[in-house]
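Here's the structure we're looking at; comments come further down.
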Amino acid sequence: MAETQNNSKVKVHEVTKLTPFSSNSTTAAPFTLPLTYFDTYWFKFPPVERLFLYQITELTSDSFNSAILPKLKHALSLTLLHYTPLAGHLMWPPDAAKPAIYYFPDDGVSLTLAESNSDFALLSGSGIRDAAEFNPLVPQLSISDDKAEVIAIQITYFPNQGFSIGVSYHHSLLDGKSCTMFIKSWAYFSKQIQSSDVHNANPSLAPELTPCFDRTVIKDPDGIDMVYVKHWMDFTGSSDTRSLKVLATAVDKEGSSDFVRKTFELSGEDIKKLRDKVNKINNEAGESRQLHLSTFVLTCAHAYVCQIIAKRVEANTTVKFAVGGDCRGRLDPPIPTNYFGNCIGSVIGEAKASDMIRDDGVAVVAEKLSEMIKVLKGDGVQGSEDKMVKTIAMLKEKGHVMLTAGGSNRFDDYGSDFGWGRPKKVEIVSVDRTGAISLVESKDGGGGVEIGVVLKKQQMEVFAPLFVNGLEDL
Numbered sequence: 117m118a119e120t121q122n123n124s125k126v127k128v129h130e131v132t133k134l135t136p137f138s139s140n141s142t143t144a145a146p147f148t149l150p151l152t153y154f155d156t157y158w159f160k161f162p163p164v165e166r167l168f169l170y171q172i173t174e175l176t177s178d179s180f181n182s183a184i185l186p187k188l189k190h191a192l193s194l195t196l197l198h199y200t201p202l203a204g205h206l207m208w209p210p211d212a213a214k215p216a217i218y219y220f221p222d223d224g225v226s227l228t229l230a231e232s233n234s235d236f237a238l239l240s241g242s243g244i245r246d247a248a249e250f251n252p253l254v255p256q257l258s259i260s261d262d263k264a265e266v267i268a269i270q271i272t273y274f275p276n277q278g279f280s281i282g283v284s285y286h287h288s289l290l291d292g293k294s295c296t297m298f299i300k301s302w303a304y305f306s307k308q309i310q311s312s313d314v315h316n317a318n319p320s321l322a323p324e325l326t327p328c329f330d331r332t333v334i335k336d337p338d339g340i341d342m343v344y345v346k347h348w349m350d351f352t353g354s355s356d357t358r359s360l361k362v363l364a365t366a367v368d369k370e371g372s373s374d375f376v377r378k379t380f381e382l383s384g385e386d387i388k389k390l391r392d393k394v395n396k397i398n399n400e401a402g403e404s405r406q407l408h409l410s411t412f413v414l415t416c417a418h419a420y421v422c423q424i425i426a427k428r429v430e431a432n433t434t435v436k437f438a439v440g441g442d443c444r445g446r447l448d449p450p451i452p453t454n455y456f457g458n459c460i461g462s463v464i465g466e467a468k469a470s471d472m473i474r475d476d477g478v479a480v481v482a483e484k485l486s487e488m489i490k491v492l493k494g495d496g497v498q499g500s501e502d503k504m505v506k507t508i509a510m511l512k513e514k515g516h517v518m519l520t521a522g523g524s525n526r527f528d529d530y531g532s533d534f535g536w537g538r539p540k541k542v543e544i545v546s547v548d549r550t551g552a553i554s555l556v557e558s559k560d561g562g563g564g565v566e567i568g569v570v571l572k573k574q575q576m577e578v579f580a581p582l583f584v585n586g587l588e589d590l
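In this note's numbering, the protein residues as written are 117 to 590.
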């Protein structure tokens with residue numbers, strides 16, 4: 117039976133379970149996938165929600181249900197045969213020292229099929245939009261004390277406009293790169309289905325899309341995985357220290373009605389101008405250190421300064437930054453680039469708001485982030501108790517502002533073509549409750565980056581001209 121969500125513009129037609137493809141020769145066997153210290157670090161973090169919007173004008177219900185939806189579902193089933201852990205659950209049995217991913221043959225991924233009468237052009241644009249409009253387009257991940265879904269998917273049909281694919285995933289198994297591998301694999305099979313008959317076959321994936329689940333490549337002689345787990349158990353403050361429920365988010369989705377979302381873009385030329393500006397300021401100050409002025413560093417520096425001003429953060433406030441980076445190629449020895457799971461190193465830094473709102477604030481933040489990246493490339497790739505202590509302290513402490521970025525301009529999200537063209541828009545919906553900005557490569561390429569920002573409406577009215585005018589003044 118169809119049911120309408122809180123947002124009356126979205127109607128849920130069906131919630132079903134999609135299992136990995138099976139035939140006489142291919143059936144996934146039960147197994148357990150352990151968590152590494154890269155995974156247990158993210159054990160309590162809230163789910164990540166990503167949304168891909170595909171425009172197909174004059175797409176009728178009959179065409180969608182007969183030509184598109186069956187292919188998407190079959191391709192997803194084929195993909196899950198290669199990514200079987202996604203069909204399992206995160207569990208923590210009483211006799212287990214730590215949680216793990218458990219898969220049994222009857223397991224599957226929750227698939228929600230919905231329909232929306234929202235303005236697709238507005239949602240897939242870059243202008244100011246109500247943040248709450250996006251929430252019904254991504255599924256809610258089922259997480260209880262005893263069991264948690266790894267991933268959930270929602271396909272939403274927009275009559276005569278197109279469709280969207282919403283993905284919610286648990287951070288204890290996937291990082292952004294792993295999720296992108298999964299999406300690209302699903303898209304690959306979808307296109308294969310349209311070009312050939314693979315309904316009775318078990319097609320293979322390209323090597324770069326074939327996931328590696330070998331946990332032995334992550335060396336942990338000091339048992340940092342359990343150190344992280346114990347810190348989370350102490351942190352929750354719950355009588356059930358083994359509960360799988362995640363942390364409360366910075367912004368409750370039910371109370372986020374006054375938040376708006378807008379996408380900003382920095383072109384390759386904008387990035388170059390920001391780099392030149394930071395170098396000029398540092399040269400005039402007599403700084404001789406070589407800074408790591410990547411697209412990530414410069415984008416975040418510019419956006420973070422605008423955020424602090426727009427939020428009217430008091431000058432004496434401590435602002436904390438968390439920087440994460442892919443460690444697959446940074447470990448010793450490096451692990452496969454197709455390793456599936458978390459492999460993100462993280463570093464925490466800070467600055468005073470008073471330093472950020474100065475005329476040279478972007479250079480101040482860029483220098484801080486540059487130093488953090490250098491640490492990340494060194495000892496930051498290794499797990500340590502000190503890292504978790506700092507993370508827990510950051511989550512517990514009051515009176516500071518936290519600034520982070522989700523996603524990456526290196527994932528090629530706009531390359532996720534399921535056979536009906538590239539996405540019209542890609543969004544990281546979950547930043548509306550974490551306070552992070554989102555980063556996606558520019559749709560048109562050219563070395564640019566799209567920055568997704570969610571703020572209260574009055575804050576966005578300050579942020580938007582600051583962000584744009586700051587570029588014009590370069």
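Just so it is clear, CB atoms sit at the ideal spot from N, CA and C, and this is done for glycine as well.
If you're wondering where the values come from, they're calculated on a predicted model, not measured in any experiment.
Separation of L188 from F236, as counted between CA atoms:
Your numbering for residue 236 matches position 120 in the sequence shown. Your numbering for residue 188 matches position 72 in the sequence shown. Cα to Cα, F236 sits roughly 20 Å from L188.
Just mark H516 as buried or exposed, buried being the case when its beta carbon has 16 or more other beta carbons within 10 Å.
Taking the first residue of the sequence shown as position 1, residue 516 is located at position 400. Classification of H516: exposed, given that the 10 Å Cβ count is below 16.
Within the segment 234-286, ranges of the beta strand (DSSP E) (whole runs, at least 3 residues)
263-265, 267-274, 278-285
DSSP on P209, reduced to helix/strand/coil?
In the sequence shown, the residue the question calls residue 209 occupies position 93. In this structure, P209 counts as coil in the three-state DSSP scheme.
Enclosing alpha helix (DSSP H) for P581 [first to last residue]
Stepping through the sequence shown from its first residue, residue 581 is reached at position 465. Looking at the DSSP string, the run of the alpha helix (DSSP H) that includes P581 is 573-588.
Proximal residues to D442 (C-beta, below 7 Å), its chain only, five neighbours per side dropped:
Looking up residue 442 in the sequence shown gives position 326. So the list reads K293, C459, I460, once near-sequence residues are dropped.
Whole angstroms is fine: what's the gap from F180's alpha carbon to I281's?
Taking the sequence shown and counting its residues from 1, the one referred to as residue 180 is at position 64. Taking the sequence shown and counting its residues from 1, the one referred to as residue 281 is at position 165. Their backbone Cα atoms lie some 13 Å apart in a straight line.
Straight-line Cα distance separating V570 from G243:
For the purposes of this step, residue 243 is taken as the residue at position 127 of the sequence shown. For the purposes of this step, residue 570 is taken as the residue at position 454 of the sequence shown. About 12 Å.
Could you name the residues of the same chain whose beta carbon sits closer than 7 Å to that of I397, not counting the 5 residues immediately before and after it, in chain order?
Mapped onto the sequence shown, residue 397 falls at position 281. D476, A479.
Am I right that L289 and G523 are in contact with their C-beta atoms under 8 Å? What's the rounded C-beta distance?
Counting from 1 along the sequence shown, the entry for residue 289 is found at position 173. Counting from 1 along the sequence shown, the entry for residue 523 is found at position 407. About 18 Å separates the two Cβ atoms, so there is no contact after all.
Report the rounded CA-to-CA distance for L525 versus R166, giving the unit in angstroms.
Taking the first residue of the sequence shown as 1, we reach residue 525 at position 409. Taking the first residue of the sequence shown as 1, we reach residue 166 at position 50. First, the residue type needs correcting, since residue 525 is Asn and not Leu in the sequence shown. Those two C-alpha atoms are separated by around 14 Å.
Closest residue to Q171 among C422, F412, E577, N276 (Cα-Cα distance):
Reading the sequence shown from its first residue, position 55 is the one you call residue 171. Taking only the C-alpha atoms, the option nearest Q171 is N276.
Taking the beta carbon of R575 as the centre, do at least 16 other beta carbons fall within 10 Å, making it buried, or is it exposed?
Translated into the one-based positions of the sequence shown, residue 575 becomes position 459. Before going on, a small fix: residue 575 reads as Gln here, not Arg. Q575 comes out buried.
Per-residue DSSP class, three states only, for C328:
Locating residue 328 in the sequence shown gives position 212, where the first residue counts as 1. It is a strand residue.
If you draw a straight line from the C-alpha of N585 to the C-alpha of I424, how long is it?
Here residue 585 refers to the residue found at position 469 when the sequence shown is read from its first residue. Here residue 424 refers to the residue found at position 308 when the sequence shown is read from its first residue. When rounded, the distance between both Cα atoms is 16 Å.
Does DSSP put S177 in a helix, in a strand, or in coil?
Stepping through the sequence shown from its first residue, residue 177 is reached at position 61. Reduced to three states, the DSSP call for S177 is helix.
For K493, collect the residues of the same chain with a Cβ closer than 7 Å to its Cβ; drop the 5 residues on either side in sequence, then sort them by chain order.
Position 377 of the sequence shown, counted from the start, is the residue given in the question as residue 493. So the qualifying residues of the chain are R446.
Going by the DSSP bridge assignment, what does F168 pair with across the sheet?
Here the question's residue 168 lines up with position 52 in the sequence shown. Per DSSP, I281, V542.
Neighbour-count burial assignment, S312, 16 or more Cβ in a 10 Å radius:
Residue 312 sits at position 196 when you count from the first residue of the sequence shown. Exposed, by the Cβ-count rule.
Per DSSP, which residues does D476 bridge with? Please list them.
Along the sequence shown, read from residue 1 onward, the residue named residue 476 stands at position 360. None; D476 has no bridge partner.
Where does the unbroken beta strand (DSSP E) through F305 begin, and where does it stop?
Against the sequence shown, residue 305 aligns to sequence position 189. No beta strand (DSSP E) contains F305, which is instead part of the alpha helix (DSSP H) from 292-311.
In three-state terms, what does DSSP make of P136?
By 1-based counting over the sequence shown, the position of residue 136 is 20. Three-state result, P136: coil.
Can you tell which of K512, K506, Y273, P581 has the C-alpha that lies nearest to the C-alpha of L175?
In the sequence shown, counting from the first residue as 1, residue 175 sits at position 59. Ranking the options by Cα distance to L175, first place goes to Y273.
Does the count of Cβ pairs from the segment 216-223 and the segment 244-251 closer than 8 Å reach three?
no
Assign D341 to one of two classes, buried (16 or more other C-beta atoms within 10 Å of its C-beta) or exposed (fewer than that).
One-based indexing of the sequence shown puts residue 341 at position 225. That one is buried.
Taking the C-alpha atoms as reference points, what is the distance between L407 and V345?
Here residue 407 is taken as the residue at index 291 of the sequence shown, counted from 1. Here residue 345 is taken as the residue at index 229 of the sequence shown, counted from 1. Whole-angstrom Cα-Cα distance: 35 Å.
For a test of the three-state rule: what should DSSP assign to L363, helix, strand or coil?
For the purposes of this step, residue 363 is taken as the residue at position 247 of the sequence shown. Residue state, collapsed to three classes: coil.
In chain order, each alpha helix (DSSP H) run of at least 4 residues that lies wholly inside the segment 428-505:
469-472, 477-493
Check I567 in the structure and name its three-state DSSP category.
On the sequence shown, position 451 is the one that residue 567 refers to. If DSSP states are grouped into helix, strand and coil, I567 belongs with the strands.
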